[in-house]
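In this note's numbering, the protein residues as written are 137 to 497.
Okay, so here's the structure we're looking at.
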Ligand code: PEP
Ligand code: MN
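This is the structure we're talking about:
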């Protein structure tokens, strides 16, 4: 599915940096805190946009909920003092109106808002006829359609300075990350709407300052346009997300260590080599498809055989034996256990589908 969005193809509203870095505190806490943070993070010359949360959507009540409207002027003047445009999160129509009144340059919609089409529509309606860039974070739940829907709603009121911002997804699986990156989802969004610039927020994915550089590098390797990284003048006393905020110095080190790879290489040698390797991949994929097809014809025969003999489709011991044996084989040739199990699971599901069809003929 390709999306029909009306987006400026040149993105000339975006700063002309590669990558584009958005940084600043999770929350604006005081006039001095946001000013000092702005002055420190901007020293490197690598920051293009100053961020700061004014209204904080907290999972539990009685946590710091942001300084509210008065913080907008602190954020704006901190940005002006270092010559940077400023961005903040809006979650309802009052937030939008307050930001427009205070000349906030860029708005973003947070993960807890993108999940709710009513809220997104309310924000969209408040933005009708306004020319302001909007970043849309992915919804908390791994549902790409909610993300796409939010982009469509904002675009439909005439906002064409639009970007997507990947901040990971809530997940029941235990992991070292605060939010599972599920990189396949932003990649799918990029395929669906290549005209929308994709940013990554490694701070909210990682949840811990130690893990941020790795996530940031991965986002760069996946050719994302830029990064939003939280930075606080003194993270240990931050009123929100203390564990994941970097000092301006640590932010600078992270940015200096990022490896930015070329999108393409013009070198003839590189192109020839890549062509060769790709043609081998094409052949191998063709072989794989033919093998899968042969496997499925045997599965079909087994299905017919089971039907003639009135035996159930699922034979648990056989399946366990397959898993064990294939894991062993995969390990011997250096394939990951997780990969081979996921692949077998898919093949098994398809085999059951084919045999069910045979049985019910
Ligand atoms: C934030 O950027 O501080 C924030 C609350 O982010 P998210 O909506 O991604 O949780
Ligand atoms: Mn935060």
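Built from N, CA and C at the ideal position, the CB exists for glycine as well.
Return yes when at least one heavy atom of ligand 2 lies under 7 angstroms from the C-beta of residue i, else no.
i	result
residue 340	yes
How about residue i and residue j: do their beta carbons lie closer than 8 angstroms?
i	j	result
residue 207	residue 190	yes
residue 259	residue 228	yes
residue 262	residue 242	no
residue 367	residue 151	no
residue 303	residue 337	yes
residue 365	residue 157	yes
residue 395	residue 356	yes
residue 163	residue 182	no
residue 480	residue 459	yes
residue 443	residue 495	yes
residue 278	residue 308	no
residue 358	residue 321	no
residue 124	residue 384	Coverage of the chain is limited to positions 137 through 497, which leaves residue 124 absent and any answer about it impossible.
residue 211	residue 170	yes
residue 363	residue 313	no
residue 287	residue 272	yes
residue 328	residue 138	yes
residue 389	residue 335	no
residue 204	residue 225	no
residue 165	residue 375	yes
residue 80	residue 488	Nothing can be reported for residue 80, as the shown portion of the chain is limited to 137 through 497.
residue 341	residue 317	yes
residue 380	residue 339	yes
residue 218	residue 180	no
residue 285	residue 330	no
residue 213	residue 387	no
residue 209	residue 238	yes
residue 236	residue 174	no
Excluding five sequence neighbours on each side, which residues of the same chain lie with their C-beta closer than 7 angstroms to the C-beta of residue i?
i	result
residue 296	142, 143 and 144
residue 440	494
residue 467	473
residue 280	321, 324 and 325
residue 251	275, 276, 277 and 282
residue 147	333
residue 154	396
Quick one: does the C-beta of residue i sit closer than 7 angstroms to a heavy atom of ligand 1?
i	result
residue 193	yes
residue 160	no
residue 196	no
residue 362	no
residue 225	yes
residue 273	yes
residue 314	no
residue 279	no
residue 299	no
residue 289	no
residue 246	yes
residue 414	no
residue 337	yes
residue 189	yes
residue 303	yes
Who are the near neighbours of residue i in its chain, counting only those whose CB is closer than 8 angstroms to its CB and skipping five residues on each side?
i	result
residue 293	260, 261, 263, 264 and 265
residue 257	289
residue 232	226, 243, 259, 262 and 263
residue 483	428 and 431
Can you find the residues in the same chain that come closer than 6 angstroms, C-beta to C-beta, to residue i, ignoring five residues on each side of it along the sequence?
i	result
residue 382	345 and 367
residue 326	334
residue 349	390
residue 424	none
residue 249	227 and 255
residue 351	338, 341 and 342
Can we count residue i as close to ligand 3, meaning its CB is less than 7 angstroms from some heavy atom?
i	result
residue 364	As for ligand 3, it is missing from this structure, which binds only ligand 1 and ligand 2.
Self-check item: Sequence-ordered residues whose beta carbon comes within less than 5 angstroms of a heavy atom of ligand 2
Solution: In chain order, the hits are 162 and 377.
Practice problem: Would you mind listing the beta strand (DSSP E) stretches within the region 175–248 that are 3+ residues and don't spill past its ends, in chain order? | Solution: Runs found: 183–187, 222–225 and 242–245.
Exercise. Counting only runs of 4+ residues fully inside the region 394–455, write out the alpha helix (DSSP H) ranges in chain order.
Key: With a minimum length of 4 residues, the unbroken runs of alpha helix (DSSP H) contained wholly in the region 394–455 fall at 404–444.
Practice problem: Pick out the complete alpha helix (DSSP H) segments inside the region 299–362, 4 residues or longer, and give them in chain order. | Solution: 320–328, 338–342 and 348–357, all fully within the region 299–362.
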